[in-house]
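Dropping the structure here:
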């Protein structure tokens, strides 16, 4: 007989072993891939698949609305919709007309091409939350329809998931409106809704169609439909207003989706689609043919929860989704365009008109104004040393005044100037102080500089960053003053020394003293760093905010500053700033160069040209190809842009601002004056005009047209281009004025 001590030890060992096994099962248990997403969350044997072959036959649909311009049709089995454009005779169906054989891919993917929506969900009752994607055909729900004014409301109930949501389709003039009310989302079990992607295949193009899809990658990009293409491993997928991976931990950062819009040009017909409500919680997709299936398609995905990595033990984490739904309504408009305006220029014109009518875009540029020079002056920065940091003066306030006066006297009469690194601590000592750096001349010299600029009619903005934060400047307030992710950890870089200041904390600091101090310097306005390029949710325990609430706090500071100073500027051009600012800087004049992109296009400039002054993100003095950089200004209608210092940039070589390898004013002054005068003389009169058209004439040759009929031909190539008796030399441009001006 075993001793009692041995039996006790064996018992404890068994208990411990069972506990370890139980913990292992819990932590590694996940929904088997393919059970609920790839095929899908509930049995679909009863789905009448024969109807899928008829979804491109309008006779199986019932007409549910007709406003004289458009007719809306509804197929009751699948809830597919179709819109007939009576002006063009085109029928736009939510179900793709590509055959299963031509589409390729898995059955789930083939089914998704016929589905009126995709959706994703997760079982949040499990330790690991696997997000499962499905569609109406794979997870056949109970469908209830109800008539509404000018359309139909469709409710989908997934009984085995205990999920329910409603999508409403209505007509408004020449537009289809898709509305998903958050109040109609029901979650009565462990399954939580993560996203809904309505009509993901509307106007999808096959390899045999002619056309392209526009997507808002940076300044804008298009990808053509092609009969021959590779199998792509990625697609364009962008969170509206910028990635939440602010420090680039997940790889190379792409350009922002500054505008919640995309467009499809197919067989001579076109539409532009834009989100009018809920864009802060939305993602835009463009999937080229060859990505999963052989169909070109674009869509918006409405987001209700985010995935994140939650720590469960030291060094270990589990994928989770947020427990609370992001309670926002979503509304999407599909604007069907006249045939003659169905290209990306027509899309831009229709979208600009919407922004103007909705009060989301204002006109700042004066009718008498000509082309300004965009000039950034870099002032100072700390050089970190072992014993004591050294403040490196690149440009003093007096020297900045001299630069502006000299350029003005040489004939540069219109300028928009930003001074960077002017405050105590210099550039990069975040969050910025509102006091002027003594090493640059102090308060008196700064006021003298701003007064001199105003007397010359020149806008001078003080760059100010109250978004970024260095950990060394936060002290004991680090955990309460910074933004946090869903797992309540600070949003920070890999080393933990760069963070983001909580918007409520930034607003409190700004209103307590900074706002008055900044206004006292007499500048034309403040240039708020990052406000136009970032939108982040903050999961702080003390001051939580959604992406929209964070942006609203930033915009309230911008508006208060604008009321005190007269003007305001921002870095980046997210749509929410277009009715708030007087200047946009750091706007990319290119795209992210995805492998499937065929052309970068000036869609964003076609929205704002003639309304808000804007400049690019690469100064010509450090551009990798200065000839082509100047031509890009001409093609995209932006201000000529330089970033200068008074001293040689070698002074900055041991600082964190080493990009200015060529910036000395003495070297660049004659070049700037010559280039500016030439551009202003030839193009200055177009500055106040809307950009109405852009097109590629041939390889390396592009045409930009303004509202008065003026055409600008840019030749990036190596051989001359002839147009209407005018020769455009290589790496040059020509301005063709429609009529003689007095």
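Residue numbers (this note's numbering): -13 to 728. Ideal Cβ placement from N, Cα and C applies to all residues, glycine included. In this text the structure is predicted, and so the values were computed from the model without any measurement.
| Asked | Found |
| --- | --- |
| Mind checking which residues open and close the alpha helix (DSSP H) that includes residue 502? | 501 to 505 |
| Using the C-alpha atoms, what's the distance from residue 172 back to residue 129? | 14 Å |
| When the Cβ atoms of the stretch 601 to 619 are set against those of the stretch 219 to 231, are three or more pairs found closer than 8 Å? | no |
| Am I right that residue 551 and residue 511 are in contact with their C-beta atoms under 8 Å? What's the rounded C-beta distance? | 4 Å |
| Would you kindly check if the distance between the Cβ of residue 304 and the Cβ of residue 113 is under 8 Å? | yes |
| Taking the continuous beta strand (DSSP E) assigned at residue 97, which residues delimit it? | First-last for residue 97: 93 to 98, but that is the alpha helix (DSSP H), not the beta strand (DSSP E). |
| Within the same chain, show all residues whose beta-carbon is closer than 6 Å to that of residue 697, passing over the 5 residues directly before and after it, in chain order. | 689, 691 and 722 |
| Taking only three categories from DSSP, how would you classify residue 330? | helix |
| Find out if the Cβ-Cβ distance for the pair residue 733, residue 449 is shorter than 8 Å. | Nothing about residue 733 can be read from this structure; the chain reaches only from -13 to 728. |
| Contact between the stretch 245 to 259 and the stretch 313 to 323: three or more CB pairs below 8 Å? | yes |
| Measure the beta-carbon distance from residue 210 to residue 584 and round it to whole angstroms, keeping in mind my assumption that it falls under 8 Å. | 5 Å |
| Taking all protein chains shown into account, do 16 or more other C-beta atoms lie within 10 angstroms of the C-beta of residue 26, making it buried, or fewer, making it exposed? | Model confidence at residue 26 stands at a pLDDT of 41, short of 50, so the residue's coordinates are unreliable; what they give is reported in the following sentence. Residue 26 is buried by the Cβ-count criterion. |
| Do you know how far the Cα of residue 340 is from the Cα of residue 10? | Legend: pLDDT at residue 10 = 47, less than 50; position of this residue unreliable, value from coordinates given subsequently. The straight-line gap from Cα to Cα measures roughly 55 Å. |
| According to DSSP, is residue 528 helix, strand or coil? | coil |
| Are there three or more Cβ pairs, one per stretch, closer than 8 Å when the stretch 586 to 599 is compared with the stretch 541 to 549? | no |
| Given a threshold of 16 other Cβ atoms within 10 Å of its Cβ, counted over all protein chains shown, does residue 713 qualify as buried or as exposed? | exposed |
| Only counting the same chain, and skipping five residues up and downstream in sequence, which positions put a Cβ closer than 7 Å to that of residue 264? | 288, 314, 315, 316 and 317 |
| From residue 522 to residue 465, what does the alpha carbon distance come to, in whole angstroms? | 17 Å |
| According to DSSP, is residue 111 helix, strand or coil? | coil |
| Determine the closest residue to residue 401 out of 666, 380, 469 and 709, with distance taken between C-alpha atoms. | 666 |
| Just the Cα atoms here: how many angstroms apart are residue 29 and residue 125? | Since pLDDT at residue 29 reaches only 44, below the 50 mark, its modelled position is unreliable, and the value read off the structure follows with that caveat. Approximately 7 Å between the Cα atoms of the pair. |
| Output the boundary residues of the beta strand (DSSP E) element that contains residue 178. | 177 to 184 |
| Quick check on DSSP: helix, strand or coil for residue 390? | helix |
| Could you tell me which of 138, 153 and 61 sits nearest to residue 104, measuring between CA atoms? | 153 |
| If you draw a straight line from the alpha carbon of residue 135 to that of residue 61, how long is it in whole angstroms? | 18 Å |
| Rounded to the nearest angstrom, how far is the Cβ of residue 242 from that of residue 88, given a contact under 8 Å? | Residue 242 to residue 88, Cβ: 34 Å. No contact. |
| Output needed for residue 437: all residues of its chain with C-beta closer than 7 Å, excluding positions within five of it in sequence on either side, in chain order. | 508 |
| Might you give, ordered along the chain, the residues of its own chain that have their beta carbon closer than 7 Å to the beta carbon of residue 703, omitting 5 neighbours on each side? | 685, 686, 687 and 716 |
| Whose C-beta lies closer than 6 Å to the C-beta of residue 479 among residues of the same chain, with five residues either side of it excluded? | 233 |
| Once you ignore the five residues that flank residue 70 on each side, which residues in its own chain have a CB closer than 6 Å to its CB? | 57 and 77 |
| Quick check: the Cα distance between residue 188 and residue 528, rounded to an integer number of angstroms? | 43 Å |
| Assuming residue 408 is part of the beta strand (DSSP E), what are its boundary residues? | Run containing residue 408: none; DSSP gives neither H nor E here. |
| Are the stretch 359 to 369 and the stretch 634 to 650 in contact at 8 Å, needing three or more beta carbon pairs? | yes |
| Which runs of the alpha helix (DSSP H) at least 4 residues long sit entirely within the stretch 192 to 280? Give them in chain order. | none |
| Where does residue 18 sit, in a helix, a strand or coil, going by DSSP? | Confidence in residue 18 is poor, its pLDDT being 32 and thus under 50, which makes the residue's placement unreliable; the coordinate value appears in the next sentence. Coil at residue 18, not helix or strand. |
| Can you name, in chain order, every residue of its own chain whose Cβ lies under 6 Å from the Cβ of residue 14, other than the five neighbours on each side? | Low per-residue confidence applies at residue 14: pLDDT is 43, beneath 50, and the placement is therefore not dependable, though the value from the model is reported in the following sentence. Taken in chain order, the list of residues that qualify is empty. |
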